[in-house]
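Trainee: Order-wise, the sequence lines are chains A and B.
For the numbering used here, count along the first sequence from 1 and bump the result up by 13.
For the numbering used here, count along the second sequence from 1 and bump the result up by 124.
Glycine included, each C-beta is placed from N, C-alpha and C at the ideal position.
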Amino acid sequence: NAGVTQTPKFQVLKTGQSMTLQCAQDMNHEYMSWYRQDPGMGLRLIHYSVGAGITDQGEVPNGYNVSRSTTEDFPLRLLSAAPSQTSVYFCASSRGVFTEAFFGQGTRLTVV
Amino acid sequence: AQSVAQPEDQVNVAEGNPLTVKCTYSVSGNPYLFWYVQYPNRGLQFLLKYITGDNLVKGSYGFEAEFNKSQTSFHLKKPSALVSDSALYFCAVRDKESGAGSYQLTFGKGTKLSVIP
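#1: With distances taken from CA atoms, which of B:Q228, B:I240, B:F214 is nearest A:G53?
#2: With the cut-off set at 9 angstroms, would you say A:V63 and A:Q38 are in Cβ contact?
#3: Which residues in chain A sit within 7 angstroms of B:K233, going by Cβ to Cβ distance?
#4: Using the Cβ count rule (16 or more neighbours within 10 Å means buried), how would you classify A:S106?
#5: Within 9 angstroms (strictly less), CB to CB, does B:Y185 reach chain A?
#6: Output yes or no for whether 9 angstroms exceeds the beta carbon distance between B:P131 and B:A205.
#7: Tell me which same chain residues have a C-beta within less than 7 angstroms of the C-beta of B:V239, skipping the five on either side of it?
#8: If I measure Cβ to Cβ from B:Q162 and keep anything under 8 angstroms in the same chain, skipping five residues before and after, which residues do I get?
#9: Is there a Cβ from chain A that is less than 9 angstroms from the Cβ of B:F191?
#10: Quick check: the Cα distance between B:F231 and A:T28, rounded to an integer number of angstroms?
#11: Quick one: what's got a C-beta closer than 8 angstroms to A:L58's C-beta in the same chain, skipping five residues either side?
#12: List, in order along the chain, the chain B residues whose C-beta lies closer than 8 angstroms to that of A:G117?
#13: Would you tell me roughly how many angstroms separate the C-alpha atoms of A:Y44 and A:G76, rounded to the nearest one?
#14: Is it buried or exposed, A:A95, if we count other Cβ atoms within 10 angstroms and call 16 or more buried?
#15: Chain A beta carbons: is any one of them nearer than 9 angstroms to that of B:K146?
#16: Under the DSSP definition of a beta bridge, which residues are partnered with A:S106?
#17: As a quick exercise: from A:D86, A:N78, A:F23, A:T33, pick the residue whose alpha carbon is nearest that of A:M40.
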């Protein structure tokens, strides 16, 4: 039972480069979300999706794009990386709005 | 708007003693409340949740939490701490009135629990 799988685990980017963080879940969950975790700031919601084809912005969406073409996958795209996007990124999925979220292992991103 | 406060950045407790990690919340309607734990270099793991019903909620690994509506609190507790409980703990809230189309789950900043042998 894989749960929520994030790739890659570590990534170093140069300022201005683009990349996609992958997230896949095998639990047939409708709800998926991306968070970033920074020291002393907890987890902040970047984007979320309530089903295939439906996405919405969270608290800190600037500089990030998402799409949800299938129930299983929810990739996060950085179009032009900035040092301020250095963080640990977590993808999560849940069955419904009142059920617990399952988290991936995280992607540690460094932008130099 | 919804928010969560974890007033203590760090809590230290001796092994075998009871532990409490504090959480207060603010929502315009009624809350869904969650506790998660994060071990080093790992993702968050679900501990317990309050949706409705009994104010005392029991969860994984012997943890429990008490929902107090008048004090808008949801403190995490355990009767006897273990060294293996040392981790980062997050409280999270969602407003029940947000509707199914909105999935704003707001996390606190986290509390580092250290259990001293």
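Mentor: Looking at the coordinates:
#1: Residue numbering aside, residue 53 of chain A sits at position 40 when the first sequence is read from its first letter. Comparing Cα positions, the closest option is B:F214.
#2: The residue labelled residue 63 of chain A in the question sits at position 50 within the first sequence. The residue labelled residue 38 of chain A in the question sits at position 25 within the first sequence. Cβ atoms of A:V63 and A:Q38: not closer than 9 angstroms.
#3: Residue mapping note: residue 233 of chain B aligns to position 109 of the second sequence, counting from 1. The answer, in chain order, is G53, M54, G55.
#4: Indexing the first sequence from 1 puts residue 106 of chain A at position 93. It counts as buried.
#5: For the purposes of this step, residue 185 of chain B is identified with residue 61 of the second sequence, where counting begins at 1. It does not: the Cβ of B:Y185 has no partner Cβ on chain A nearer than 9 angstroms.
#6: Indexing the second sequence from 1 puts residue 131 of chain B at position 7. Indexing the second sequence from 1 puts residue 205 of chain B at position 81. No, the Cβ-Cβ distance between B:P131 and B:A205 is not below 9 angstroms.
#7: Looking up residue 239 of chain B in the second sequence gives position 115. Cβ within range, chain order: V137, E139, A205, L206, V207, D209, S210.
#8: On the second sequence, position 38 is the one that residue 162 of chain B refers to. Hits under 8 angstroms: L168, Q169, A211, L212, Y213, F214, G234.
#9: Residue 191 of chain B sits at position 67 when you count from the first residue of the second sequence. With respect to chain A, the C-beta atom of B:F191 has no partner C-beta closer than 9 angstroms.
#10: Taking the second sequence and counting its residues from 1, one reaches residue 231 of chain B at position 107. Taking the first sequence and counting its residues from 1, one reaches residue 28 of chain A at position 15. Their backbone Cα atoms lie some 29 angstroms apart in a straight line.
#11: The residue you call residue 58 of chain A lines up with position 45 of the first sequence. If we look at A:L58 and ignore the five residues flanking it on each side, its Cβ neighbours are S46, W47, Y48, G71, E72, V73.
#12: Within the first sequence, the letter at position 104 stands for residue 117 of chain A. Neighbours of A:G117 on chain B, chain order: G167.
#13: In the first sequence, counting from the first residue as 1, residue 44 of chain A sits at position 31. In the first sequence, counting from the first residue as 1, residue 76 of chain A sits at position 63. C-alpha separation (whole angstroms): 22 angstroms.
#14: The residue labelled residue 95 of chain A in the question sits at position 82 within the first sequence. Exposed, by the Cβ-count rule.
#15: Counting from 1 along the second sequence, the entry for residue 146 of chain B is found at position 22. Chain A, which has no Cβ nearer than 9 angstroms to the Cβ of B:K146, makes this no.
#16: Translated into positions along the first sequence, residue 106 of chain A becomes position 93. According to DSSP, A:S106 bridges with A:M45, A:F115.
#17: Mapped onto the first sequence, residue 40 of chain A falls at position 27. Out of A:D86, A:N78, A:F23, A:T33, A:D86 has the C-alpha closest to the C-alpha of A:M40.
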